[in-house]
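Numbering (the working numbering), first residue to last: 130 to 494.
Encoded as structure tokens, the structure appears first; notes follow it.
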Amino acid sequence: MSPKLSETIKDWNAFEITALPLRGARPVKGLKRGRAVSAGELLAIQPEPGLGDVQATTNGLVEEISEIEIIIRRDDQAVGQPPDPQPLKNLYGNFLARALKKLGLDVPVIQTGGPIILSSLDPEPGLTLAPALYTEHRETILAGLEAAARLWPSHRFIRAVGKPGDLSSKSDGVVVNKKYPFTLPAVLKNTILGLNDPTGSGVLTGRELFLLGRVWRTGRPLTISPLTLGRSNYFIPIGSRVIDLLTFANLMPGPGDAVVRGGLVLGQSLSRLEEGLDQSAAALHLIRGVEKSAACEPCRACGDCARACPAGLAIDRLAGGNPDEWPDRINRPQLTGCLLCGACALACPAGRPLLSLARLLTQGR
Ligand code: SF4
Ligand code: SF4
């Protein structure tokens, strides 16, 4: 049974500090240490298409501005320049995309043309948000669908669901295998449209629809995002620091443990626990004893990795030898059609680092 999605982190006040990642955004003129800011106030402009501008997510005082983040110390009495709700309902296409970006939302850049897949499935193990978002926050998901139709008016939408009962009619979408790796955007795209695209661009997850629906419904800046934290799900203020979230969930790492941002297969290990999470962080996990388990066994030539590959690639033929020597020994690229899904690594009984091998063999493709 999926964990219950709580309305918000109950001990919201515990977060004294938010560290808002800049991701290349430039702080607005006049922003300096000590200035009071209001929740939702614009703090930095994002030049990168597809990424939202940066807003304060709590009332507070600017404590520090660096190349990578803006630190806000929470102060409920602080008042800066609170934003007004923005009228969005008459906007379409690029005009709507620009307005959403100004409200802090990452709006995917989707090339004109092909269909957009709307997935109601969590992409990989360790992400457990979708069932709760689709049941407890259905109205916001529906608002996300309405906004998506306005944003990409010339696209056809295809729903991808895990069971026939989730479709009102056959023409409403397709039923897909709800087991990983078939739930990954790249693999969904390959399965439904026959397109090989390891980025999975053109697939919107339930989490992305929720965020879109939230801004569309309120016309207000995005200040929270849903996060799987260990075995539970929460809405967290954007910019919540990893260290505070781990402390809250009683998940402090010890020697040899790893903190992973994202799912349990494709997630990335974090080295700086003071960093704040942006809206793209779907999960945070503590993995115990990673260093011990990192030592893999020799390849058993069992072929499980190749059998698990949704692209039908014979990665077992490349998986022998000492992984430390792979970067020098292996000519790359040579894994044409790899979706970088990690299913081979998950299937390997010897714990061989096959996702690293797949990345190595697709470099420069
Ligand atoms: S080789 Fe591995 S990472 Fe690449 S598509 Fe196959 S299972 Fe996925
Ligand atoms: S699953 Fe692991 S042990 Fe089996 S062939 Fe593939 S790399 Fe070798």
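We put the CB at the ideal spot given by N, CA and C, even for glycine.
Just so we're clear, the structure is a prediction, and the values are computed from it rather than from any experiment.
Exercise. Do residue 179 and residue 237 have their C-beta atoms closer together than 8 Å?
Worked result: By one-based count along the sequence shown, residue 179 stands at place 50. By one-based count along the sequence shown, residue 237 stands at place 108. Contact: yes.
Exercise. What are the boundary residues of the alpha helix (DSSP H) that includes residue 264?
Worked result: Here the question's residue 264 lines up with position 135 in the sequence shown. From DSSP, the alpha helix (DSSP H) with residue 264 extends over 259–265.
For this session: Reducing DSSP to helix, strand and coil, say where residue 487 ends up.
Result: For this step, residue 487 is matched to residue 358 along the sequence shown. Per DSSP, reduced to three states, the secondary structure at residue 487 is helical.
Problem set entry | Extent of the continuous alpha helix (DSSP H) run through residue 238 | Reading the sequence shown from its first residue, position 109 is the one you call residue 238. Where residue 238 is concerned, there is no enclosing alpha helix (DSSP H), given that its DSSP letter is neither H nor E.
Problem set entry | Own chain residues within Cβ distance below 7 Å of residue 270, not counting five before or after | On the sequence shown, residue 270 is found 141 positions in, with the first residue counted as 1. The residues are 262, 263, 335, 338, 339, 342.
Exercise. What is the DSSP secondary structure of residue 273, reduced to helix, strand or coil?
Worked result: Looking up residue 273 in the sequence shown gives position 144. In this structure, residue 273 counts as helix in the three-state DSSP scheme.
Exercise. Going by the C-beta, is residue 428 closer than 7 Å to any heavy atom of ligand 2?
Worked result: For the purposes of this step, residue 428 is identified with residue 299 of the sequence shown, where counting begins at 1. Result yes, Cβ under 7 Å from ligand 2.
Exercise. Does DSSP classify residue 146 as helix, strand or coil?
Worked result: On the sequence shown, position 17 is the one that residue 146 refers to. When secondary structure is reduced to three states using DSSP, residue 146 falls in the strand class.
Exercise. What residues are listed by DSSP as bridge partners for residue 393?
Worked result: Locating residue 393 in the sequence shown gives position 264, where the first residue counts as 1. DSSP output for residue 393 lists no bridge partner at all.
Exercise. Grouping DSSP H, G and I as helix and E and B as strand, with all else coil, what is residue 201?
Worked result: In the sequence shown, counting from the first residue as 1, residue 201 sits at position 72. Shown here, residue 201 sits in a strand according to DSSP, grouped into three states.
For this session: Taking 8 Å as the threshold, find out whether the segment 407–414 comes into contact with the segment 441–457 through three or more Cβ pairs.
Result: No, they do not touch.
For this session: My understanding is that residue 350 touches residue 232, with C-beta atoms under 8 Å, so please give their C-beta distance in whole angstroms.
Result: Locating residue 350 in the sequence shown gives position 221, counting from the first residue. Locating residue 232 in the sequence shown gives position 103, counting from the first residue. Distance from residue 350 to residue 232 at the Cβ level is roughly 5 Å; contact confirmed, criterion being Cβ atoms closer than 8 Å.
Exercise. With DSSP run on the structure shown, which of helix, strand or coil describes residue 440?
Worked result: Residue 440 sits at position 311 when you count from the first residue of the sequence shown. Residue 440: coil per DSSP, three-state reduction.
For this session: Please list, in chain order, all residues of the same chain as residue 407 whose beta carbon is under 6 Å from its beta carbon, the five residues on each side excluded.
Result: As a working mapping, residue 407 is identified with position 278 in the sequence shown. Excluding sequence neighbours, residue 407 sits near 150.
Problem set entry | Reference residue 314; option with closest CA among 471, 159, 490 | As a first step, residue 314 must be located in the sequence shown, where it is residue number 185. If we check each option's Cα against that of residue 314, 471 comes out closest.
Problem set entry | Own chain, CB closer than 6 Å to residue 137, minus 5 neighbours either side, in chain order | Along the sequence shown, one-based indexing puts residue 137 at 8. Because residue 137 carries a pLDDT of 47, less than 50, the predicted location of this residue cannot be relied on, and no value is offered for it.
For this session: Within the same chain, show all residues whose beta-carbon is closer than 7 Å to that of residue 458, passing over the 5 residues directly before and after it, in chain order.
Result: In the sequence shown, counting from the first residue as 1, residue 458 sits at position 329. The residues are 450.
For this session: Taking all protein chains shown into account, decide if residue 131 is buried (16 or more other Cβ within 10 angstroms of its Cβ) or exposed.
Result: One-based indexing of the sequence shown puts residue 131 at position 2. Reliability fails at residue 131, whose pLDDT of 42 lies under 50, so the model's placement of it is uncertain and no value is given.
Exercise. For residue 267, does the count of other Cβ atoms within 10 angstroms reach 16, so buried, or fall short, so exposed?
Worked result: Taking the first residue of the sequence shown as 1, we reach residue 267 at position 138. It is exposed - the Cβ of residue 267 has fewer than 16 other Cβ atoms within 10 Å.
Problem set entry | Burial state of residue 218 (16 or more Cβ within 10 Å) | For the purposes of this step, residue 218 is taken as the residue at position 89 of the sequence shown. Exposed, by the Cβ-count rule.
Exercise. So is the beta-carbon of residue 431 under 7 Å away from any non-hydrogen atom of ligand 1?
Worked result: Sequence index remark: in the sequence shown, residue 431 carries index 302 (1-based). No, Cβ of residue 431 sits at least 7 Å from all heavy atoms of ligand 1.
For this session: Check residue 375 in the structure and name its three-state DSSP category.
Result: Counted from its first residue, the sequence shown places residue 375 at position 246. Three-state result, residue 375: helix.
For this session: For chain D, find out if any of its Cβ atoms is closer than 8 Å to the Cβ of residue 413; answer yes or no.
Result: Among the chains of the structure shown, chain D does not appear; only one protein chain is present.
For this session: Scan the segment 310–376 and note each continuous alpha helix (DSSP H) run of 4 residues or more that stays entirely inside, going in chain order.
Result: Whole alpha helix (DSSP H) segments, 4+ residues: 314–322, 335–347.
Problem set entry | C-beta contact flag for residue 175 and residue 183 at 8 Å | Here residue 175 refers to the residue found at position 46 of the sequence shown. Here residue 183 refers to the residue found at position 54 of the sequence shown. Yes, these two residues count as a Cβ contact at 8 Å.
For this session: With a threshold of 16 other CB atoms inside 10 Å of the CB of residue 324, please say whether the residue is buried or exposed.
Result: Start at 1 with the first residue of the sequence shown, and residue 324 comes out as number 195. Its Cβ having fewer than 16 others within 10 Å, residue 324 is exposed.
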